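Residue 7 in numbering that gives the first Met the number 0 is what sits at position 8 of the sequence shown, and the numbering runs on without skipping anything.
The beta-carbon is built from N, C-alpha and C at its ideal position, and this holds for glycine as well.
Quick caveat, the model's predicted, so the values are computed rather than measured.
Working notes, beginning with the structure itself.
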Amino acid sequence: MRRLLMVLLLAGVAVGFAPAAQAHNVLVGSDPRDGATLGASPAQVTLVFDQAVRQGYAQVGVTGADGSSWAEGAAVVAAERVSVKVRPLPAGGSYVVGYRILSADGHPVTGKIAFSLAASASGVSAGQTGQGSSAEAAEAAANGGAGMAVVWVVAALLLLAAGTAVALRRAGGTRA
Numbered sequence: 000m001r002r003l004l005m006v007l008l009l010a011g012v013a014v015g016f017a018p019a020a021q022a023h024n025v026l027v028g029s030d031p032r033d034g035a036t037l038g039a040s041p042a043q044v045t046l047v048f049d050q051a052v053r054q055g056y057a058q059v060g061v062t063g064a065d066g067s068s069w070a071e072g073a074a075v076v077a078a079e080r081v082s083v084k085v086r087p088l089p090a091g092g093s094y095v096v097g098y099r100i101l102s103a104d105g106h107p108v109t110g111k112i113a114f115s116l117a118a119s120a121s122g123v124s125a126g127q128t129g130q131g132s133s134a135e136a137a138e139a140a141a142n143g144g145a146g147m148a149v150v151w152v153v154a155a156l157l158l159l160a161a162g163t164a165v166a167l168r169r170a171g172g173t174r175a
């Protein structure tokens with residue numbers, strides 16, 4: 000019985016400290032590049048990954064510092080490239096591109112890049128804003144997949160606890 004409990008305990012520790020698989024898509028480039036300062040408003044944002052992205056699951060948001068959404072329409076996936084059209088941006092602003100894609104291996108991949116427009120850049124006047132505020136949507140696009148790891152760890156721990164309870168119950172029944 001002690002041997003079984005030790006095996007279950009070691010299995011739980013191994014699951015808890017196992018490194019995450021690194022087979023997910025990785026962002027290898029973007030246009031505009033992360034941290035770039037542009038002289039003109041981009042017509043679209045393109046993200047480039049190391050392998051093909053699954054169709055139908057890509058979300059890309061472009062958000063200004065005030066929370067305004069500047070992406071226009073749905074993201075378009077073409078192999079390892081994901082693009083979204085962008086409405087003309089105000090000059091002198093900072094923007095975050097949040098993304099969530101479904102990796103080739105079926106796991107969600109999220110992240111974000113940032114860029115800015117120079118104060119002298121060609122764009123719309125600073126008084127105009129994007130349609131609707133989507134700070135929450137961009138944040139969800141950038142951080143949405145983080146919760147799945149927690150779900151899997153909790154499920155593994157619950158399974159381990161159930162197995163331990165069954166083992167203890169059986170061990171207790173044979174002694175009586």
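Chain-order list of residues whose beta-carbon lies under 6 Å from that of residue i (same chain, five-residue window excluded)
i: residue 30; result: 45
i: residue 53; result: 101
i: residue 113; result: 95
i: residue 56; result: 101
i: residue 115; result: 36 and 93
8 Å Cβ shell around residue i - same chain, five flanking residues per side excluded
i: residue 117; result: 36, 37, 38, 90 and 91
Residue span of the beta strand (DSSP E) that contains residue i, given as start and end
i: residue 71; result: 70-77
i: residue 94; result: 93-101
i: residue 35; result: 35-39
i: residue 80; result: 80-85
i: residue 88; result: Neither: residue 88 is in no beta strand (DSSP E) and is coded neither H nor E.
i: residue 60; result: 58-63
i: residue 43; result: 43-48
i: residue 27; result: 26-30
For residue j and residue i, the rounded distance between their alpha carbons
i: residue 49; j: residue 93; result: 27 Å
i: residue 95; j: residue 78; result: 23 Å
i: residue 162; j: residue 169; result: 11 Å
i: residue 67; j: residue 156; result: 41 Å
i: residue 58; j: residue 83; result: 9 Å
i: residue 70; j: residue 51; result: 22 Å
i: residue 25; j: residue 153; result: 26 Å
i: residue 73; j: residue 164; result: 49 Å
i: residue 75; j: residue 33; result: 20 Å
i: residue 27; j: residue 119; result: 29 Å
i: residue 62; j: residue 80; result: 20 Å
Contact set for residue i: own chain, Cβ-Cβ below 7 Å, skip 5 residues either direction
i: residue 23; result: 102, 104, 106 and 108
i: residue 43; result: 82, 83, 84 and 85
i: residue 41; result: 31 and 85
i: residue 158; result: none
i: residue 64; result: 92 and 93
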